[in-house]
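Numbering (UniProt numbering), first residue to last: 1 to 594.
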């Protein structure tokens with residue numbers, strides 16, 4: 001039966017069970033808003049009749065707005081309302097419904113985020129082609145922006161919500177497809193896709209929401225990929241009475257404190273070079289915008305933020321020139337009846353969080369070379385602006401920091417970076433890892449016979465082998481000093497790591513023989529004095545490895561403890577015919593000695 005929208009007097013008769021799902025900052029645990037979630041539609045199936053679908057969607061809105069109104073007073077939060085793409089053609093009528101509901105409950109339209117969902121293909125909008133359907137969506141979104149505070153694109157990365165739709169909508173928020181944040185998101189392939197999806201959204205200036213996050217592994221995978229916001233039972237479940245829900249989830253800070261997988265960011269470098277330009281509010285009158293440019297002649301643009309301090313983009317002086325130099329241009333644009341508002345002159349701008357590593361910031365900027373720079377945020381709010389010149393200084397400062405710690409001979413990371421890497425691995429007992437300490441055997445006799453220059457060449461040979469045999473396979477490699485080296489692989493398969501280290505030991509033993517004279521090489525030993533000054537026949541140069549496999553849930557949490565384990569293994573390795581000693585560290589410390 002077809003139900004005319006005008007005849008639907010009681011929306012509750014179409015009601016679905018509606019609750020509010022907290023949308024939580026992955027940085028601070030602050031609740032930035034609530035997503036309206038509804039139970040299955042009446043009859044348990046999607047309706048094909050547009051007017052009935054409109055009425056059902058409006059019923060959900062009505063319930064959600066009523067729930068939100070009960071908690072919104074005095075809170076700085078948003079309400080995310082879903083809108084099926086199939087209803088875009090009905091937007092004028094739905095806009096009127098939404099305005100009525102907001103007025104009835106005293107809710108400001110600027111706190112509303114319309115979350116465009118892709119339950120149906122946009123081709124259902126008609127028009128004969130995907131391109132025409134996208135044009136219709138883009139046109140409708142322009143109208144929507146005038147009726148609400150912001151726009152979200154739901155289900156990005158799956159179904160119909162692809163890159164073309166992202167470009168057409170230009171959303172303020174991107175909600176990922178749950179496929180990429182499920183338990184399988186910790187798999188390497190999906191994690192790769194997850195990171196790329198987040199990067200694309202950030203380049204368009206959108207914040208990224210990870211939905212339906214159920215497990216801690218998913219939480220950490222999303223945070224490591226750069227997601228800004230999260231919702232799901234890992235932190236909170238939807239509630240019909242959000243007054244029972246906190247405004248801040250302190251467990252986020254605790255989780256982030258123990259999650260060191262992304263390592264220390266470059267916040268100090270970015271903060272030092274960032275330009276803290278005072279932004280314009282989106283509500284600023286155009287006459288005041290012109291005056292700001294007039295007073296600050298050195299500025300060619302200004303960042304623009306909303307009432308919550310969240311960046312919307314930038315306004316550029318060049319885009320105002322036709323009005324600036326027109327005889328009546330500034331008067332015309334300032335006319336309330338005929339003029340245009342600041343939102344009409346917004347230019348989207350890439351955004352990155354201040355905790356983002358410098359290399360990632362450079363990558364974001366390099367993909368948008370025409371951009372004036374990047375907006376820097378902290379916990380989703382505007383913090384400052386990074387120009388191209390400032391970014392170059394950040395990269396230069398970062399390179400200087402790295403260079404100071406590099407070993408001058410091998411150019412491998414030194415002790416500071418090694419200890420940071422090791423500390424991060426030990427602090428995160430959710431994942432497995434393999435740690436390798438390597439040092440030369442009989443290096444002193446080699447140096448005594450052939451000199452320190454030849455000794456340096458042997459060290460350089462081994463450093464090159466580490467790069468080709470380990471670094472290219474995903475290992476972190478570092479040079480502790482002298483003939484001591486360190487390597488680590490996160491989430492490696494222990495048996496495969498062991499096989500690779502054995503191959504490295506054998507490869508070095510074979511390659512280093514080229515550094516000996518023919519007679520010594522044929523004899524297979526060196527006549528030299530040992531550490532006690534006694535002349536002996538000593539074996540040719542080789543390398544020994546102490547290998548620790550950390551199982552998930554391991555109890556080794558500090559550098560001193562792992563140092564003791566490695567010291568014992570190092571002694572055993574030097575006494576082993578294969579120059580290798582290894583152990584597995586699990587919840588019971590050392591559970592298997594191999």
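Built from N, CA and C at the ideal position, the CB exists for glycine as well.
| query | result |
| --- | --- |
| Reduced DSSP category for residue 148 - H, G, I as helix; E, B as strand; rest coil | coil |
| Per DSSP, cross-strand counterpart(s) of residue 205 | Residue 205 is not bridged to any residue. |
| Spatially closest choice to residue 250 from 556, 24, 529, 581, by CA coordinates | 24 |
| Endpoints, the beta strand (DSSP E) within which residue 24 is located | 18 to 25 |
| Neighbourhood of residue 144 by C-beta distance below 7 Å, restricted to the same chain and skipping five residues each side | 91, 114, 151 |
| 4-residue-minimum alpha helix (DSSP H) runs that sit fully inside the segment 71 to 116, ordered along the chain | 91 to 105 |
| Extent of the continuous beta strand (DSSP E) to which residue 353 belongs | 351 to 353 |
| DSSP bridge partner residues for residue 389 (one or two, in chain order) | None; residue 389 has no bridge partner. |
| Residue 477 versus residue 95 - alpha carbon distance | 58 Å |
| Residues near residue 140 by beta carbon distance below 7 Å, same chain, minus five either side | 88, 91 |
| Helix, strand or coil at residue 580 [DSSP, three-state] | strand |
| C-beta contact flag for residue 436 and residue 508 at 8 Å | no |
| Cut-off 7 Å between Cβ atoms - residues of its own chain near residue 171, not counting five sequence neighbours on either side | 151, 152, 153, 206 |
| N-terminal and C-terminal residue of the alpha helix (DSSP H) that residue 366 is part of | 358 to 366 |
| Same chain, Cβ closer than 6 Å to residue 447, five either side skipped, listed in chain order | 455 |
| Inter-residue spacing [alpha-carbon to alpha-carbon] between residue 321 and residue 281 | 20 Å |
| Per-residue burial, residue 366 [other beta carbons within 10 Å of its own, 16 or more giving buried] | exposed |
| Best match in 420, 135, 112, 178 for proximity to residue 308 [C-alpha to C-alpha] | 112 |
| Unbroken alpha helix (DSSP H) run spanning residue 650, endpoints | A query on residue 650 cannot be resolved here, the shown segment of the chain reaching from 1 to 594 and no further. |
| Residue span of the alpha helix (DSSP H) that contains residue 442, given as start and end | Careful: residue 442 lies outside any alpha helix (DSSP H) and carries neither H nor E. |
| DSSP-derived helix/strand/coil call for residue 537 | strand |
| Through-space distance from residue 300 to residue 291, alpha-carbon basis | 13 Å |
| From 459, 483, 484, 496, residue whose alpha carbon lies closest to that of residue 475 | 496 |
| First through last residue of the beta strand (DSSP E) which encompasses residue 462 | Careful: residue 462 lies outside any beta strand (DSSP E), inside the alpha helix (DSSP H) at 452 to 469. |
| Backbone CA spacing between residue 412 and residue 534 [nearest angstrom] | 35 Å |
| In DSSP terms, what residue 575 is bridged to | Its beta-bridge partners do not exist; DSSP assigns none. |
| CB-CB length for residue 305 against residue 315, believed under 8 Å | Their Cβ separation, rounded to whole angstroms, is 11 Å, which puts residue 305 and residue 315 out of contact at 8 Å. |
| Residues near residue 419 in its chain [Cβ-Cβ closer than 7 Å; skip 5 each side] | 559 |
| Proximity to residue 499 [Cα-Cα], best of 510, 469, 318 | 469 |
| Identified DSSP bridge partners for residue 376 | 352, 384 |
| Pick from 61, 432, 175 that is closest to residue 158, judged by C-alpha positions | 175 |
| Residue closest to residue 117, alpha-carbon to alpha-carbon, out of 67, 256, 35, 253 | 35 |
| Straight-line gap, residue 270 to residue 277 (C-alpha atoms, nearest Å) | 14 Å |
| Helix, strand or coil at residue 371 according to DSSP, with G and I counted as helix | coil |
| Inter-residue Cα distance where the pair is residue 342 and residue 391 | 28 Å |
| Cβ neighbours of residue 599 in the same chain (closer than 6 Å, five flanking residues each side left out) | Only positions 1 to 594 of the chain appear in this structure, which leaves residue 599 out of reach. |
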